[in-house]
Each structure stands twice: as structure tokens, then as C-alpha cells.
Amino acid sequence: MKKHNFKERLTQLVDKIMAITDWTIEMRLELVTKVQEWITQVSVQGVKSVTPKMLFFIILLDRIVF
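Yeah, the sequence shown ends on 65 if you go by numbering that gives the first Met the number 0, and it's all consecutive.
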């Protein structure tokens with residue numbers, strides 16, 4: 000996945016998370032904060048810094064939310 004597409008998908012994911020009405024605002028904000036930390040880590044250290052656990056969680060969220 001290209002770097003631009005990765006960031007775009009994560010940004011879309013944040014928007015989708017905030018649109019979930021079944022969760023409390025605190026739960027949504029906590030998850031958004033985690034995603035933003037990942038975006039920062041990837042921006043600073045590069046896409047190769049994504050750990051398998053992080054990648055699994057992002058894929059799982061992508062499947063649940065989209």
C-alpha cells in the first residue's frame with residue numbers, strides 16, 4: 000500500500016470511528032487517539048515501523064468499521 004493511500008485510509012477510519020453511535024464518546028476518542036499515534040509513528044519512522052500487531056488491529060478495525 001502506498002504511503003499516501005495508507006494515510007488516507009487511516010484518516011477515513013478515524014472519521015468512521017467517530018460516526019459509530021453504539022460507543023460512548025470516550026471509547027471513540029480513545030480509539031481515535033490510538034490511531035493518531037500510529038499515524039504519527041508511521042509518519043516519523045516510515046511504513047516499515049508498523050508492527051504486525053498494529054497492522055492486524057488496523058485491518059481488523061477496517062473490516063469492522065467499513
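Every residue, glycine too, gets a C-beta built ideally from N, C-alpha and C.
{"Asked": "Check whether MET17 and ARG8 have beta carbons under 8 Å apart", "Found": "no"}
{"Asked": "Given THR10 as reference, the closest of TRP22, THR39 and GLU25 once Cα atoms are compared", "Found": "THR39"}
{"Asked": "Identity of the residue in GLY45, TRP37 and VAL43 nearest PHE56 by Cα", "Found": "TRP37"}
{"Asked": "ASP14 - DSSP class collapsed to helix/strand/coil", "Found": "helix"}
{"Asked": "Short Cβ contact (8 Å threshold) for LEU12 with LEU60", "Found": "yes"}
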